[in-house]
Each structure stands twice: as C-alpha cells, then as structure tokens.
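All letters in the sequence shown, in the order written, are residues 403 to 881 by the numbering used here.
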Amino acid sequence: MEGLGAVVSSSREKEDRLFKKSRLMGVESFEASNGTRVTIYKRGDAFIGRGRYEGSQFGQKLGKTEKDAQASLHRLLYELGEGTFIPPSKKNHQIVRRRVLSECLETRDLVNRFLQHVQTDRGRSTQETYLDRLRPVLEFVEQQENKRRWAKASSIDHDFVIALRNWLSSSPFTTKNGGQKIRTSKTTRNILECLRTCLNWAIKPERLLLPADYVVPVTKDVIGKEAPKDPFRPNPLSEVDKIKIVNEASDEELAVIALFILLADRADELAGLCIEDVDLNRRHLLFGINNCDKNFTKGHTAFRIPYHQNLDGLINRLIAGRTQGPLIRQVSYQNDENNQSVDLVAVWQAEAVKNPFRIRTLNDKKALFREIMRRSGGASSDYIGKLFAKVAKRAGLVNIQPGFCRDSATHLMERSGMSFLTARYLTSHSTNDILNTYTGLNIDSEMGRYFAMLPDLLSVISERFPIPQPDLGELEKNL
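In structure tokens form, the structure reads like this:
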C-alpha cells in the first residue's frame, strides 16, 4: 500500500507540472498591438501566459488568482506592444535595470521604496528619522484638494513645493503629548531637505523611478536659508551658572553630567565612552578609536581629549574599580552591586551571531552596541541631556538647554586663544584642511589654556570627587 501511495503521489506531482489550456475573462488567447499572441495556460494553481517573442518561446507567470492574473496580463500585453518585454529567462542577465512605469508611480510608493533603501543602506534609526520627516509630505499629498493634482510622484513640481512649504509653516500638528503646535522654520527645512533627498535618489539612472527629463523642484531658494547666529552673542552658560548646577546635583547626578558640562563634546559621544577609552597615563579620553567599527562618532571621526588633573577623582569615580564596561552610568547603577566589569564586545559578538538579520549596516552595528551599553547601566545621550536639564531647573536656571554646554565650551576655547584647527579637532569635526598637512597639534597645552579659564569650576568638582590618597599603612606593610 505504501508503494501504491508513492506512485499516486508521484503521478499527481507530474500532473501539476503539466501545462493545461485555460481561460481568463472567458478568453483562451489574447493579441498584443504588435501581433504577438498570448495563450492562457494553468500549471498547478498558477496562470501562465505563453507565446513567441523575437523568435523564442516564453512563459510568463501571471498569478494564482484571476484578479492578479488579469492585472499581470494587461501589463504583459502592454510591454509586448511597446517592445519593452524581457522574457523571464533573460531578466537575470540585465546589466542596467529597465525603467519602471515612472509616470504611474504614486508618491506614497516612491517614499516607501526610498525608506526601504535607507533602512538597507543607513540603518533603522535613520529610516525612522526620514519617515518622521516624510510623513507630513504624504499627509499633504493625500488631502482631497491635492490628491488629484499631485498623487503621482512625477507630478511633484515647483507649485507643489511652494504649497507644501506654506502648509507646513501654517498648519498645526499634534505632538506626542497630544497638544497642537506650529512647526518651526528649522523643522520645515528638514522636511523639505528630506523630500529633496528622496527625489534626488529616485532620479538616479540606476533607480529609474522618475522620468529622465524630470527636474527636482526642491531648490535652495525654496527651502530658504537658516538664520545666521549673532557673532557677538555672549557665552550661553557662564562659569557661575555651571557651578550652580554642580552644587545642586547629587554625587551620582554629577558623575553623569560633569564631563558634559566641561567638554565641548556631544552627549552621544560621551555616552559611547567605555572604560577602555580612558588613558590614565596621559589623562586622555579616546573617542572613535577603540571599536570604531561599532561605536563610532557622528562624523566617523577619531580624536582624543585631555582632561585636567583635578578630574582624576571624577574619573576614578566613573571607573569604580572596573576594567571594562560603559564609563558613564545611570544614577541607579552607581552602587557596589553593579560595580562589575562587562565585556561589551563579547556580548555584542554573541548577540550578533544569535540574530544576524538584525545587522545590515554600520549604523545597525552601533545601535546594537549602544543598546548593550544601556542594558549594562550606561547612560544614553537622551539620559544625559534630560538629567542636565532637570538639575539646571532645580538650580533655578530657566530656559537652559543641553546644547548650551557645547556652545559654551566652544566659546571659551576661542576666548582662550586656541587655534582654529585644534578647536575643530577637539569638537569632533573633520580636520581635512591643508594646514593639517603641514602643522601638528599640541592638544595638551591648548586644553591647558582652556581649563585655565575655569579654575573655580574645576576646584568645585575636585572637592566633590577628591583624588583618592594611598593608604600609608598598606604601603608600609608592602615595604
């Protein structure tokens, strides 16, 4: 009986592979405008369109349902008539992609393809940022009065961009808290620039998602220029204000925000510091040097920043006897129970092997590494910024933003007489300048002049975190 069942099963499989004539819309065969005849067959549960094109037979799968098969048949007959049909056997041998019907591509479909590309090329975090910026564009396009005129991506023109800009600048949007706000000019520029990036991506020859003669209408004149900052503006965060914040913070809070207050680095760069990034002998903090493939800085720059000797106690508090792990930890993790070393690279390797589909880009590598740091108690950039704002508010300082710390430190660097190239280096900017070819940097002496402008602040921090003194009794025993 088992043998008979196998024979029956084998015969059914052979029968499913056979082509049987069928019908679509009650018709067995159709003729394209160039005279090519397409006959409808069924193979298993799928409709197949068969015929001869350029001297060779072809078989095009149309779909499993009649609705899908009819739509595919219309497309097949159009391509045969236009002479753009490529048989399935030759599609894998294309050197350059053939053009899709770009005139029929809707704006929503174009945005969807662009975001899929961004996720593959830049990572999920960048994709989410671009989605937030392009969502208002789709909302504007799908309004009843705009849908008829600008539903297609190729219909986006200068009038569309002007109307979109005016709508973004005047229409309120719902915030995460449920309130209503008007977008700032910076937010409007970010949305328009993201739309320009999307259109420039779609018009490239390797994409072929827009007509060849399409001109991107999102120009600099339409986007507008960012208002220049006042070159004579004062220091946004004086040393007195910084001392108020230091005095208001608890020891645990100060351990998180002290370097953020002192240095000109972004919160994201400080959040990525590991214990291995502290050079105790030279008193340097290393950024983007260790694990640079998975814990890189914003501009993929690598640099080191000297710290003052009065910060030895702070650095000792941050390390807390550990040899590995995140340097700056959340307040709740700063206790003896959590003073354990964590091999972040080993944990990252284990999780990357366990879930390889999670990592597609360099940004995905960094996102996983930072997630492991947070799970190990590390403070994120948002955590550092919010804690700083919270302590500043308790200190009675109103309208103080986390970005003021970077502005203030850069302001003092310039006032201290620091060279332009050194300031660029210490603020994590690229130093690809002709001067870098002929001139070396002396970051220790330059930062020394900078720290000389903050004597009271350094003194207050050193009093909060005194330098640990060696136990003389233990030294005598060892001698």
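All C-beta atoms in this analysis are idealised placements derived from N, C-alpha and C, irrespective of residue type, glycine included.
All of these numbers come straight from a predicted model, not from anything done at the bench.
- Query: Does the beta-carbon distance from Arg-706 to Leu-688 come in below 8 Å?
  - Reply: yes
- Query: To which residues of the same chain is Phe-542 closer than 7 Å at the C-beta, ignoring the five residues directly before and after it?
  - Reply: Asn-548, Leu-566, Trp-569
- Task: Along the beta strand (DSSP E) that carries Pro-574, what are the first and last residues, could you check?
- Result: 574-576
- Query: Do you know offhand how far Trp-603's Cα is from Asp-534's?
  - Reply: 18 Å
- Measuring CB to CB, does Ala-657 end up less than 8 Å from Leu-720? Contact flag set, yes.
- Which of helix, strand or coil does DSSP assign to Lys-606? coil
- Query: So, are the CB atoms of Leu-859 and Lys-644 less than 8 Å apart?
  - Reply: yes
- Item | Arg-851, DSSP secondary structure in three states | Helix.
- Query: Counting only runs that start and end within the stretch 515-588, where is the alpha helix (DSSP H) found for 4 or more residues in a row?
  - Reply: 526-543, 546-552, 560-572
- Task: May I ask you to list the residues that DSSP assigns as paired with Ser-458?
- Result: Ser-458 pairs with Tyr-455.
- Query: If you follow the beta strand (DSSP E) that His-813 is part of, which residue opens it and which one closes it?
  - Reply: Note, His-813: premise wrong, no beta strand (DSSP E); alpha helix (DSSP H) at 805-817.
- Message: Please classify Thr-846 as buried or exposed, where buried requires at least 16 neighbouring CB atoms within 10 angstroms.
- Response: Contrary to the premise, residue 846 reads as Asp rather than Thr in this sequence. Asp-846 should be labelled exposed.
- Message: Would Ser-556 and Leu-612 be called neighbours here (beta carbons separated by less than 8 Å)?
- Response: yes
- Determine the DSSP secondary structure at Phe-759, reduced to helix, strand or coil. helix
- The alpha helix (DSSP H) spanning Ile-887 covers which residue range? Within the shown structure, residues of the chain are numbered from 403 to 881, placing residue 887 beyond reach of any answer.
- Is there a Cβ from chain C that is less than 8 Å from the Cβ of Lys-583? Within the model displayed, chain C is absent; a lone protein chain is all it includes.
- Item | Simplified DSSP state of Tyr-443, which is helix, strand or coil | strand
- Beta bridge counterpart(s) of Lys-422 as assigned by DSSP: Lys-444
- Compute the Euclidean distance between the alpha carbons of Arg-598 and Ala-704, then round it to the nearest angstrom. So the two alpha carbons sit approximately 30 Å from each other.
- Out of curiosity, what's the CA-to-CA distance linking Pro-868 and Asp-623? 56 Å
- Task: Could you check what DSSP says for Asp-679 in three-state terms: helix, strand or coil?
- Result: helix
- Does at least one heavy atom of the ligand MN sit under 7 Å from the Cβ of Gln-582? Looking at this structure, you won't find the ligand MN or any other ligand, since it has none at all.
- Pick out whichever of Val-539, Glu-671, Gly-437, Gln-518 has its Cα sitting closest to the Cα of Arg-609. Closest option to Arg-609, Cα to Cα, is Gln-518.
- Query: Grouping DSSP H, G and I as helix and E and B as strand, with all else coil, what is Pro-857?
  - Reply: If DSSP states are grouped into helix, strand and coil, Pro-857 belongs with the helices.
- Task: Determine which residues share a DSSP beta bridge with Arg-731 and list them.
- Result: Gly-780
- Item | Lys-492 versus Phe-460: straight-line alpha-carbon distance, rounded | 10 Å
- Count the other CB atoms, across all protein chains shown, that sit within 10 Å of the CB of Ser-782; report buried if there are 16 or more and exposed otherwise. buried
- Query: Taking the C-alpha atoms as reference points, what is the distance between Thr-509 and Lys-700?
  - Reply: 31 Å
- Measure from the alpha carbon of Arg-953 to the alpha carbon of each residue in Gly-798, Gly-850, Leu-799, then state which is nearest. Nothing about residue 953 can be read from this structure; the chain reaches only from 403 to 881.
- If you run the structure through DSSP and keep just helix, strand and coil, what is Ile-450? strand
- Message: DSSP three-state label for Leu-889, please.
- Response: The structure shown does not extend to residue 889, since the chain is modelled only from 403 through 881, so no value can be given for it.
- Item | Counted within 10 angstroms of its Cβ, other Cβ atoms place Thr-586 as buried (16 or more) or exposed | exposed
- With a CB to CB cut of under 7 Å and the five nearest residues on each side skipped, what residues in its chain are close to Leu-503? For Leu-503, the pLDDT reaches just 49, beneath the cut-off of 50, and the residue's location in the model is therefore unreliable, although a value from the coordinates is still provided. The answer is none, since no qualifying residue turns up.
- Message: What does the alpha-carbon distance come out to for the pair Thr-576 and Gln-582?
- Response: 5 Å
- Query: For Pro-857, which of Thr-531, Leu-664, His-686, Asn-692 has the nearest alpha-carbon?
  - Reply: Leu-664
- What residues in its chain sit with their C-beta under 6 Å from that of Lys-374, if we drop five residues either side in the sequence? Residue numbering for the chain in the displayed model covers 403 to 881; residue 374 lies beyond these limits and cannot be assessed.
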